[in-house]
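A.B. asks: Numbering (the UniProt record's numbering), first residue to last: 1 to 316.
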């Protein structure tokens, strides 16, 4: 593998740079990279910028003033790579789209708000499109032979089976908010608690099941606390968005159950599903100031043996 090119971002004076703010970044299927920066001018006014560049022409960077009042915490491309979601620490979510299909022209006309509640996880609803790669046919000349369509249900469907567009987000206080984009341009938004007993959510991620359900994983940041999982179902009832949540079994990281390592990794720093459409596998990382440990957890079906007493009972 050869090095294609190297890009260096413009050096800013320390007085205008805000290094304490974590930057968000997202890579689309069109090879467009979006990332954020925070800058201060001479009057100490803070501007939160979103920069979009094409990896084929990385020297052409288009910058947009996001008009977010707080730090941008999440960026998320849609499945087509033509729309971008941005969310901030004040609970504001904006949907950016290309103007006239130009990668250097972006505008935001719709969005949602969970006022004062920072967004920790963000995702577009699944459109039901999933492709499988056949490794044994990787040398085939036709792309149709390399990939096949996998049966996968959208998160929500319109009349006729067409997937409904929208997004889902998780907040620090344990709320889940869903916004649906109707064909007329109207936005239906609903917000519910993930469970009755709400707690602080430091980390979260979102994945989708083949049956059209949504799985949310959350952690409060402490390795001594369990990683919680929830099933979220979205529907439209009487022209209103409805959210139904169900708590699923939780887990403790294995490093915390080992007496020799219990206190070595006090904090969970990363939580990520292996892929958006693979809710059966999740990656967890616990860290200390000197080291880290990564665990991969998989959900599998296991048969439970039935006692012989029950096996011999004939049906009434």
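Where is the CB? At the ideal position from N, CA and C, for every residue including glycine.
Are there 16 or more other CB atoms within 10 angstroms of the CB of residue 77, so buried, or fewer, so exposed?
C.D. replies: Buried, since its Cβ has 16 or more Cβ neighbours within 10 Å.
A.B. asks: Please tell me whether residue 281 and residue 271 are closer than 8 Å, where the distance is taken between their beta carbons.
C.D. replies: No. Outside cutoff.
A.B. asks: Give me, in chain order, the residues of the same chain whose beta-carbon lies closer than 8 Å to that of residue 62; leave out the 5 immediate sequence neighbours on both sides.
C.D. replies: The answer, listed in chain order, is 51, 52, 53, 103, 104, 105 and 106.
A.B. asks: Going by the CB atoms, is the gap between residue 283 and residue 234 shorter than 8 Å?
C.D. replies: Result no, Cβ atoms of residue 234 and residue 283 do not sit closer than 8 Å.
A.B. asks: Does DSSP put residue 255 in a helix, a strand or coil?
C.D. replies: Correct three-state label for residue 255: helix.
A.B. asks: Tell me whether residue 144 sits in a helix, a strand or coil according to DSSP, three-state version.
C.D. replies: The answer is helix: DSSP assigns residue 144 an H, G or I state.
A.B. asks: When the Cα atoms are used, what is the spatial distance from residue 22 to residue 36?
C.D. replies: Distance between the alpha carbons of residue 22 and residue 36: 9 Å.
A.B. asks: Assuming the contact rule is C-beta atoms closer than 8 Å, residue 189 and residue 175 should be a hit. Round their C-beta distance to whole Å, please.
C.D. replies: The pair is not a contact, with the Cβ atoms about 12 Å apart (cut-off 8 Å).
A.B. asks: Using the Cα positions of residue 137 and residue 223, report the straight-line distance between them to the nearest angstrom.
C.D. replies: Looking at the two C-alpha atoms, the distance is approximately 43 Å.
A.B. asks: Just the C-alpha distance for residue 55 and residue 305, rounded to the nearest angstrom, thanks.
C.D. replies: Distance between the alpha carbons of residue 55 and residue 305: 55 Å.
A.B. asks: Which whole-angstrom value is the C-beta distance of residue 74 and residue 121, which I expect to be below 8 Å?
C.D. replies: Yes, they are in contact, since the Cβ atoms of residue 74 and residue 121 sit about 7 Å apart, within 8 Å.
A.B. asks: Report back the beta-carbon spacing between residue 91 and residue 118 to the nearest angstrom; my notes put them in contact at under 8 Å.
C.D. replies: That belief holds up - the Cβ atoms of residue 91 and residue 118 are roughly 7 Å apart, short of 8 Å.
A.B. asks: Below 8 Å CB to CB, which residues in the same chain sit around residue 131 once its five sequence neighbours on both sides are set aside?
C.D. replies: 147, 148, 149 and 150, listed in sequence order.
A.B. asks: Which of helix, strand or coil does DSSP assign to residue 35?
C.D. replies: If DSSP states are grouped into helix, strand and coil, residue 35 belongs with the strands.
A.B. asks: With distance defined between alpha-carbon atoms, name the residue in 183, 7 and 170 nearest to residue 164.
C.D. replies: Selected option, being the one with the closest Cα: 183.
A.B. asks: Give me the Cβ distance between residue 47 and residue 69, rounded to the nearest whole Å; I'm assuming they're in contact under 8 Å.
C.D. replies: 11 Å between Cβ atoms; not a contact.
A.B. asks: In terms of alpha-carbon separation, which member of 111, 257, 89 and 82 lies closest to residue 100?
C.D. replies: Looking at the Cα atoms, 82 is the closest of the given residues.
A.B. asks: Assign residue 2 to buried or exposed, taking buried as 16 or more other Cβ atoms, counted over all protein chains shown, within 10 Å of its Cβ.
C.D. replies: Exposed.
A.B. asks: Leaving out the 5 sequence neighbours to the left and right, which residues in its chain are closer than 6 Å to residue 269 when beta-carbon positions are compared?
C.D. replies: Same-chain partners within the cutoff: 285 and 287.
A.B. asks: Terminal residues of the continuous beta strand (DSSP E) containing residue 92?
C.D. replies: That run of the beta strand (DSSP E) goes 92-99.
A.B. asks: Can you name the residues that DSSP bridges to residue 317?
C.D. replies: The chain is shown from 1 up to 316; residue 317 falls before or after that span and cannot be answered.
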